[in-house]
Amino acid sequence: ALYGHVLENFVICELRKQASWSSPRVQLFHYRKHTGKEVDLILEEPGGRIVGIEIKAGRTVAGSDLEGLRQLSQEVGDRFHRGILLYGGDEIVPFARNLHVVPIASLWRLGG
60 ALYGHVLENF VICELRKQAS WSSPRVQLFH YRKHTGKEVD LILEEPGGRI VGIEIKAGRT
120 VAGSDLEGLR QLSQEVGDRF HRGILLYGGD EIVPFARNLH VVPIASLWRL GG
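Be aware that the sequence shown starts at 60, since it is given in the working numbering, and climbs by one per residue.
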């Protein structure tokens, strides 16, 4: 459990660093509902489009790991651009038109 928390914080710090030089500029938020559903990081661009990012240390994921992203998508409607679950695996897996599971290592790969 500790590894998962440390990894989540590391990835959030890395994304915060990358957001500082990215174009367009984005604001970063955390999303949590009273029901317990959450998304680790929300990126919102000036035009209002939103990307939700969930971070999981495991090498496998289940559909239930995307519940927070699905909830966010329903709540913000057309502003929801994409949901990404970063995980410890090696493959990019599309779960829906705008929901993807992507290796954490992709944060440091050019063109991937």
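In this text, a Cβ means the ideal position worked out from N, Cα and C, and glycines have one as well.
Euclidean distance between Cα positions of residue i and residue j
i, j, result
"D137", "L66", "30 Å"
"V98", "G147", "17 Å"
"I163", "G107", "25 Å"
Buried/exposed call for residue i, threshold 16 Cβ in 10 Å
i, result
"S123", "exposed"
"Y90", "buried"
"L61", "exposed"
"S132", "buried"
Residues sharing a beta bridge with residue i, DSSP
i, result
"G111", "I101 and G142"
"P153", "H159"
Close-in-space but distant-in-sequence residues of the same chain around residue i (CB under 8 Å, 5 per side omitted)
i, result
"G171", "Any reading at G171 needs caution, since the residue's pLDDT is 48, under 50, leaving its predicted position unreliable; the model's value is listed next. Result list for G171: S165, in chain order."
Nonlocal neighbours in the same chain, by C-beta distance under 6 Å from residue i, ignoring five residues either side
i, result
"I143", "I112, H159 and V161"
Contacts around residue i, its chain only, beta-carbon distance under 7 Å, and the 5 residues preceding and following it disregarded
i, result
"G63", "A116"
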